[in-house]
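Numbering (our numbering), first residue to last: 2 to 192.
Where is the CB? At the ideal position from N, CA and C, for every residue including glycine.
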């Protein structure tokens, strides 16, 4: 692969924090490895993702030098990746559930239409009964088929967008960069 193309495929997102509470919920008193992530932090990553959309993610987290602690960096990076992997799997499960539901709708629709067709062809019932069944089963059958295909083919774009986002973030790199009070920058490590 061309090195220039690889560089173009890496999308950097930079976020500045003042404290670990900017990444994690400040209402959660548990240790960093167990704390819930801040909804504001997640919303900001989603917003930045919409801006860059393609490529590998590199999240630069700018923090005050007072937060510099390699152990905390490692815990935070692992916690973020674990969280995003969990959210990715949740979205994937929801999408599969919607598509399965669509398959069930299609199957039921085909059963209704098939039953009506066979009942009409083999004259299992009187003409009046077949007409009454047609009034009920025909719309239900077609509704099941079309609604089911709609669920299978046109799954919620929001779910698919979030599934891709969470997958990229779970595989992304988190780099901590520290800013000294005077504004100089101390390079951190990528996690």
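In this structure the segment 146–154 lies against the segment 97–114, because at least three pairs of beta carbons, one per stretch, are closer than 8 Å. Linking residue 117 to residue 161 through their CA atoms gives a straight-line distance of about 37 Å.
Contiguous beta strand (DSSP E) elements confined to the segment 15–72 occur at 57–65, taking only those with 3 or more residues. DSSP places residue 144 inside the alpha helix (DSSP H), whose first and last residues are 128–154. With respect to the 8 Å criterion, residue 59 and residue 13 are classified as neighbours on the basis of their beta carbons. With respect to the 8 Å criterion, residue 17 and residue 25 are not classified as neighbours on the basis of their beta carbons.
For residue 175, the pairing in a beta bridge is given by DSSP as 60.
Put simply, of 115, 97, 19, 64 the residue whose alpha carbon is nearest the alpha carbon of residue 164 is 97.
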